[in-house]
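Undergrad:
Numbering (full-length UniProt numbering), first residue to last: 1 to 207.
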């Protein structure tokens with residue numbers, strides 16, 4: 001009888017521990033899902049803000065003429081990149097909230113690849129715009145770049161704002177990439193070791 005009671009007690013403890021572990025795992029996944037949705041919505045807002053600011057960035061002067069973001073290829077690239085990333089953030093936010101959990105490997109790989117690729121696109125766009133801003137503020141005699149910001153101050157201020165917001169959106173995309181990488185590796189069980197020709201090999205098994 002005592003042996004039977006001890007076995008029942010051990011079984012109950014094991015079940016309780018398992019339930020606690022599953023609850024903790026579910027809470028962690030729920031937190032990651034919430035963080036992922038927030039990052040995607042936030043990145044969409046930042047990309048739209050940077051896009052609108054740059055689209056309206058045109059200045060005219062009776063003395064110096066006019067200047068627009070269209071005159072500079074780096075600023076045009078910034079507009080295109082923000083437009084693409086804003087659309088992707090919106091679609092992916094809907095997709096991640098409506099898609100079943102846990103993610104299957106194919107969906108996890110798709111999100112991971114797209115997040116990584118668009119992170120680099122945004123960083124490249126923001127970096128190209130920052131380089132142009134440096135030239136417009138400081139000029140370059142070797143390539144006959146004048147200090148445009150001395151003549152078109154409001155234009156430069158709006159360009160700085162749009163570029164800064166784009167860097168903020170890129171930071172959100174870095175966070176999205178981290179979350180999507182977590183979701184990707186969570187789609188696989190822990191590696192199962194086995195011996196082959198005297199060597200231990202670990203093979204990931206999809207859930």
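C-beta: ideal position from N, C-alpha, C; glycine also.
None of the values given here were measured: they were computed from a predicted structure.
Per DSSP, what are the beta-bridge partners of residue 67 in this structure?
TA: Paired residue(s): 59.
Undergrad: Residues in the same chain with beta-carbon distance under 7 Å from residue 184, minus the five sequence neighbours each way, listed in chain order, please.
TA: Cβ within range, chain order: 108, 109, 112.
Undergrad: For residue 50 versus residue 169, is the C-beta spacing smaller than 8 Å?
TA: It is a contact, given that the beta carbons lie within the stated cut-off.
Undergrad: Using DSSP with H/G/I as helix, E/B as strand and the rest coil, what is residue 185?
TA: The answer is helix: DSSP assigns residue 185 an H, G or I state.
Undergrad: Find out if the Cβ-Cβ distance for the pair residue 159, residue 82 is shorter than 8 Å.
TA: Not closer than 8 Å, so no.
Undergrad: By Cβ distance below 8 Å, which residues in the same chain neighbour residue 36 in space, the five residues on each side in sequence not counted?
TA: Hits under 8 Å: 96, 176, 179, 180, 183.
Undergrad: Where residue 34 and residue 91 are concerned, what is the direct C-alpha to C-alpha distance, given to the nearest angstrom?
TA: If you take the alpha carbons of residue 34 and residue 91, they lie about 16 Å apart.
Undergrad: Within 10 angstroms of its Cβ, does residue 65 collect 16 or more other Cβ (buried), or is it exposed?
TA: The residue in question, residue 65, is exposed, as its Cβ has fewer than 16 Cβ neighbours within 10 Å.
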